[in-house]
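The structure under discussion appears below in the form of structure tokens.
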Amino acid sequence: MAEYVQTRYPAEFAYGKYEFQAALGVLSEGLTSRLAPRADAVVFPVDENVIIEAKAEYPHQALGQVMTYRLLFPLTPRFKNRADLPVTGLILLVTHNSEVEMIAANYGILVDVFLPPFLKEYLTEERRRAL
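When the sequence shown is numbered by the working numbering, its final residue is 117 and no position is left out of the sequence of numbers.
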């Protein structure tokens, strides 16, 4: 995830304007934070909030997660100063998936494909083990 954020959002990465494993919603702080849903990343460009959910397997699950996270973001106490900015959902995949891309577009969710070399090697090895 860090490699993607650094590549796609270099200024935000350089200035620490992101959060990985971001707990969202009213349960996101204090003793209840471990119960809160967590987005893989939230990036904070000047004019929007970008919620990223990455999936190497079972990419359809990301659709519901991103829809939920977009609704929870404005309810998150530590993000209240950014609650009035648009919230963009982004699903990050390792390969194209036409079904996910079509459904995501229907709900205004972006889809990007990113397969860094280390992940490609890992997935290749996992597939070999599965055979």
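Cβ atoms here follow ideal geometry from the backbone N, Cα and C, with glycine treated the same way. Please read these numbers as outputs of a predicted model, since none were measured by experiment.
Tell me which same chain residues have a C-beta within less than 6 angstroms of the C-beta of Thr74, skipping the five on either side of it? When the five nearest sequence neighbours on each side are left out, the beta carbons in the same chain lying within less than 6 angstroms of the beta carbon of Thr74 are those of Glu34, Val36, in order along the chain.
Between the Cα of Pro31 and the Cα atoms of Glu(-11), Leu101, Tyr93, Ala0, which residue gives the shortest distance? Ala0
Which residues in the same chain have their Cβ closer than 7 angstroms to the Cβ of Val12, if we skip the five residues on either side of it in sequence? Excluding residues within five positions, the ones whose Cβ falls inside 7 angstroms are Leu61.
Leu101 burial status per 10 Å Cβ neighbour count (16 or more: buried): Note on Leu101: under 16 other CB atoms within 10 angstroms of its CB, so exposed under the neighbour-count rule.
Mind checking whether Gly48 and Ile89 have CB atoms under 8 angstroms apart? Note on residue identity: the sequence assigns Ala, not Gly, to residue 48. Not closer than 8 angstroms, so no.
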